[in-house]
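Structure, as structure tokens:
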Amino acid sequence: MKKLLFAAYFLIFSTAAYTQSAVGIGTASPNTSAMLDVTSTTKGFLMPRLTSAQRTAIATPAAGLTVYETTTSSVWVYNGTTWVQLASGGASPWTTSGSNIYNTNAGNVGIGTSSPSASALLDISSTTKGFLVPRMTAAQRTAIASPTAGLMVYETDTKLDYHHDGTTWRKILNSTFWNNSTSSNFIYNTTDSFGIGTSLPTEKFQLQNGNIKLNRTSLSVENSIWFNMPTPSFTGEFEGLKFQVAGSDKSSIGFLSATAINPPIEGIRLSGNGLSSNDLFVSTGGKVGLGTSQPVEKLDVSGNINMNAINPIMQFQNAGVDKGFVQLSGDDFRLGTNLSNDNGKFIVRVNGQENFAVTPAGNVGVGTISPAAKLHVAGNTRMVSTGEVLRIDGSNPAINFYNNGSFKSFLQHSTSGLAMGVNNGNIQLDAVQVAIGAVVSGTSAYKLSVTGRIICEEVRVKLVSSGWPDYVFAGDYKLPPLQQVEQFIKSNKHLSNIPSASDVEQNGIEVGDMQKRMMEKIEELTLYVIDLQKQIEALKRKQ
């Protein structure tokens, strides 16, 4: 019922508002240039609202069809070929602030070009027109309140460009002081002095508190160049020439004074790696530093030295006489004393101690600088190698050992073999195991291992504990009956407390222990014989 009433009302209202083929909503006098004139001061006009998928799904849209897309919050119109977005979110790149307007565009602005340079906020491109900065009189320029650094104007009084550096106005160019050559591409001034860093130059060219940079060019001087350095006011003052490559400082030469450091330095500095390094420094005391600005000797090198020549040599003299040298001779490296130094030793000093020396006689001392033999070692010697460690060659060579200067022992190889002996002492071998021949398998627990037979005049075995079987003759010793002995032999095929043949074959025997066991059996056998003798004598008495 409500829908019917609304339709009737709309039909009546529309018919009443229809004027000259125009429809008015909210107005009885629709504009004659509009087919539909919607007028309101409290409400707006809603066009069809669709999602992006719904918009693109419209079949055969007519050119000019307009919708509002809820997906991107923007207005779209179909141009007969494709959909075109009219506005994104209803935002404009321009924003007002009071009487000002500013651009919030995140990109760049192009005038005369659709592709402004990425490095320019404003790119004006034209081949027929120029760019005009604000034009004003000198009074108008100086009347600008709180000019920002970088502000630029054209002054109509002097016909010059000015810019403000944040403190004062500066002329960009005063062409009245300079002349253009009619035959060459340069400008010149024949009357004035040129000053940089000073407003009162006293010479034709004066550079105050600054440097001169020569970039890919040369400096021609017909007379001398002089520098006047003021009293140093900080840790280092450099006065001289510096050289650049591609705008980067590479080298310099000049006078360096650093009086505020300890110790103070003054001298000539040559730098070949930037301006702060001291590749070559000559102090006022005649000392030369390579890599250091504080040489303490006539030549002080902070870094490595490379000598590249045929058989290069470094010679050391004393009072003009050659005493020592360092030389590369072919592939041999030589370090020592000269022929003219027939009394001096070659001494190596380490940690404040003179530990190695070679005498003119060819004696070498290790731990001593007064060797008494071809090799004199004062201390211990350690030799580690996987091959031959020490070779002693000669006729019956020998090694003699002394204790505090007293001969004690020797090791000598003669035609009869290797001999080792002591003078009033014993030979002691302190080792886990001594092996003669190959090490016998399974003998790691024994001090001596011999592969082969041993012959000697006497062997003495001393038991650690007595245990010698004299206990058999004690009164409380229980001598086993012969029947028991017989039964044991029949069962085990060996005497009790005596290892079997298989045990001996597998484990061998301990001589001392076996002698003790055998003596036990001998003493038991003696008791059996004594007992048998008593029985024989008793039988004789009964006859």
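Once you know that position 452 of the sequence shown is 505 in my numbering, the rest is easy, because the numbers rise by one and skip nothing. Just so it is clear, CB atoms sit at the ideal spot from N, CA and C, and this is done for glycine as well.
- prompt: So does the segment 435-444 actually touch the segment 452-466, counting three or more Cβ pairs closer than 8 Å?
  reply: The segment 435-444 vs the segment 452-466: no contact.
- request: May I ask you to list the residues that DSSP assigns as paired with alanine 484?
  value: Residue mapping note: residue 484 aligns to position 431 of the sequence shown, counting from 1. Its beta-bridge partners do not exist; DSSP assigns none.
task: Give the range of the beta strand (DSSP E) segment to which glutamate 319 is assigned.
output: Indexing the sequence shown from 1 puts residue 319 at position 266. 318-324 is the extent of the beta strand (DSSP E) around glutamate 319.
message: So, under 8 Å CB-CB, serine 355 and threonine 345 are touching, yes? Tell me the CB distance rounded to an integer number of Å.
response: As a working note, residue 355 is residue 302 in the sequence shown. As a working note, residue 345 is residue 292 in the sequence shown. The pair is a contact, with the Cβ atoms about 4 Å apart (cut-off 8 Å).
- prompt: Of all the options Val411, Ser438, Asn433, which has the alpha carbon lying nearest to the alpha carbon of alanine 426?
  reply: As a working note, residue 426 is residue 373 in the sequence shown. Checking every option, the nearest Cα to that of alanine 426 belongs to Val411.
message: At the level of alpha carbons, what is the spacing between lysine 212 and aspartate 245?
response: Here residue 212 is taken as the residue at index 159 of the sequence shown, counted from 1. Here residue 245 is taken as the residue at index 192 of the sequence shown, counted from 1. Taking the Cα positions, lysine 212 is about 22 Å away from aspartate 245.
- request: Ignore the nearest five residues each way along the sequence and tell me which others in leucine 352's own chain have a CB closer than 6 Å to its CB.
  value: The sequence position of residue 352 within the sequence shown is 299, counting from 1. The answer, listed in chain order, is Val341.
Stretch pair the segment 480-487 + the segment 531-541: three plus CB contacts closer than 8 Å: The answer is no - the segment 531-541 does not touch the segment 480-487, with fewer than three Cβ pairs under 8 Å.
message: Quick check on arginine 435: does DSSP put it in helix, strand or coil?
response: Taking the sequence shown and counting its residues from 1, one reaches residue 435 at position 382. Here arginine 435 sits in coil by DSSP.
field: Nearest to glycine 474 (by Cα), restricted to the options Ser467, Gln486, Lys461
entry: Mapped onto the sequence shown, residue 474 falls at position 421. Residue Lys461 holds the alpha-carbon nearest to the alpha-carbon of glycine 474 among Ser467, Gln486, Lys461.
message: For threonine 135, which residues in the same chain have their Cβ closer than 6 Å to its Cβ, ignoring the five residues on either side in sequence?
response: Position 82 of the sequence shown, counted from the start, is the residue given in the question as residue 135. Once the five neighbours on either side are set aside, threonine 135 has no close Cβ partner at all.
query: Where DSSP assigns a beta bridge to leucine 175, which residues make up the other side?
result: Residue numbering aside, residue 175 sits at position 122 when the sequence shown is read from its first letter. Paired residue(s): Val162.
task: Measure from the alpha carbon of isoleucine 78 to the alpha carbon of each residue in Gly133, Ser86, Ser438, Val91, then state which is nearest.
output: Residue numbering aside, residue 78 sits at position 25 when the sequence shown is read from its first letter. Nearest to isoleucine 78 by C-alpha distance, out of Gly133, Ser86, Ser438, Val91, is Val91.
- prompt: To the nearest whole angstrom, what separates the beta carbons of threonine 181 and glutamate 208, a pair I think is in contact under 8 Å?
  reply: Translated into the one-based positions of the sequence shown, residue 181 becomes position 128. Translated into the one-based positions of the sequence shown, residue 208 becomes position 155. Wrong, their Cβ atoms sit about 26 Å apart, outside the cutoff.
task: For leucine 464, write down the residues that DSSP places opposite it in a beta bridge.
output: Here the question's residue 464 lines up with position 411 in the sequence shown. By DSSP's assignment, leucine 464 forms a beta bridge with Ile452, Met473.
task: Check lysine 96 in the structure and name its three-state DSSP category.
output: Numbered from 1 along the sequence shown, position 43 holds the residue referred to as residue 96. Correct three-state label for lysine 96: coil.
- prompt: Skipping 5 residues on each side, what residues in its chain have a beta carbon closer than 6 Å to that of leucine 464?
  reply: Numbered from its first residue, the sequence shown carries residue 464 at position 411. Cβ neighbours of leucine 464 within its own chain (closer than 6 Å, five residues either side excluded): Ile452, Met473.
- prompt: Would you call the CB atoms of valine 128 and leucine 118 closer than 8 Å?
  reply: Within the sequence shown, the letter at position 75 stands for residue 128. Within the sequence shown, the letter at position 65 stands for residue 118. The answer is no: Cβ separation not under 8 Å.
Selected residue, minimal CA-CA separation from phenylalanine 184, among Glu122, Asn364, Arg194, Ile164: By 1-based counting over the sequence shown, the position of residue 184 is 131. Between phenylalanine 184 and the set Glu122, Asn364, Arg194, Ile164, the nearest pair of CA atoms involves Ile164.
task: Grab the span of the alpha helix (DSSP H) containing glutamate 577 for me, first residue to last.
output: Here residue 577 refers to the residue found at position 524 when the sequence shown is read from its first residue. For glutamate 577, the enclosing alpha helix (DSSP H) covers residues 564-595.
task: Determine the burial state of proline 598: buried for a count of at least 16 other Cβ atoms within 10 Å of its Cβ, exposed for fewer.
output: Missing from the structure shown is residue 598; the chain here goes from 54 to 596 and no further.
- request: Inspect the beta-carbon positions of asparagine 364 and serine 382 and report whether they are closer than 8 Å.
  value: Position 311 of the sequence shown, counted from the first residue, corresponds to residue 364. Position 329 of the sequence shown, counted from the first residue, corresponds to residue 382. In this structure, asparagine 364 sits near serine 382, with a CB-CB distance shorter than 8 Å.
field: Residue environment, tyrosine 241, which counts as buried when at least 16 other CB atoms sit within 10 Å
entry: The residue given as residue 241 occupies position 188 in the sequence shown. Classification for tyrosine 241: exposed.
- request: Kindly provide the ranges of any alpha helix (DSSP H) runs that are 4 or more residues long and lie completely inside the segment 189-218, ordered along the chain.
  value: List check, alpha helix (DSSP H) in window: 191-195.
- prompt: Identify the residues that DSSP records as bridge partners of aspartate 353: which are they?
  reply: As a first step, residue 353 must be located in the sequence shown, where it is residue number 300. Note: aspartate 353 sits in a beta bridge opposite Gly342.
- prompt: Which of the three DSSP states, helix, strand or coil, is assigned to asparagine 457?
  reply: Here residue 457 refers to the residue found at position 404 of the sequence shown. If DSSP states are grouped into helix, strand and coil, asparagine 457 belongs with coil.
task: Indicate the three-state DSSP secondary structure (helix, strand or coil) for aspartate 385 in the structure shown.
output: Locating residue 385 in the sequence shown gives position 332, counting from the first residue. Aspartate 385 falls in the strand class under three-state DSSP.
Sub-8 Å separation of valine 186 and arginine 194 beta-carbons: Taking the first residue of the sequence shown as 1, we reach residue 186 at position 133. Taking the first residue of the sequence shown as 1, we reach residue 194 at position 141. With contacts defined as CB atoms closer than 8 Å, valine 186 and arginine 194 fail to qualify as a contacting pair.
query: Does the Cβ-Cβ distance between valine 514 and glutamine 588 come in under 8 Å?
result: Residue mapping note: residue 514 aligns to position 461 of the sequence shown, counting from 1. Residue mapping note: residue 588 aligns to position 535 of the sequence shown, counting from 1. Contact: no.
message: Could you tell me which whole alpha helix (DSSP H) segments of length 4 or greater appear in the segment 97-141?
response: For the segment 97-141, whole alpha helix (DSSP H) runs of length 4 or above, ordered along the chain, are 105-109.
message: Just checking: is the beta-carbon of serine 167 within a distance shorter than 8 Å of some beta-carbon in chain C?
response: No chain C appears in the structure shown, which is made up of a single protein chain.
field: DSSP-derived helix/strand/coil call for lysine 376
entry: Numbered from its first residue, the sequence shown carries residue 376 at position 323. Looking at lysine 376 - three-state DSSP - the assignment turns out to be strand.
field: Anticipated Cβ contact below 8 Å, serine 105 with threonine 80, distance rounded
entry: As a working mapping, residue 105 is identified with position 52 in the sequence shown. As a working mapping, residue 80 is identified with position 27 in the sequence shown. So it is not a contact: roughly 35 Å between Cβ atoms.
Arginine 322 classed as buried or exposed, judged by whether at least 16 other C-beta atoms fall within 10 angstroms: As a first step, residue 322 is located in the sequence shown; it is residue number 269 there, counting from the start. In the assembly as shown, arginine 322 is a buried residue. Its beta-carbon has 16 or more other beta-carbons within 10 Å.
- prompt: Exposed or buried, isoleucine 318, counting other C-beta atoms within 10 Å across all chains shown (16 or more means buried)?
  reply: Within the sequence shown, the letter at position 265 stands for residue 318. Under the 10 Å beta carbon count, isoleucine 318 is surrounded by 16 or more other beta carbons and is classified as buried.
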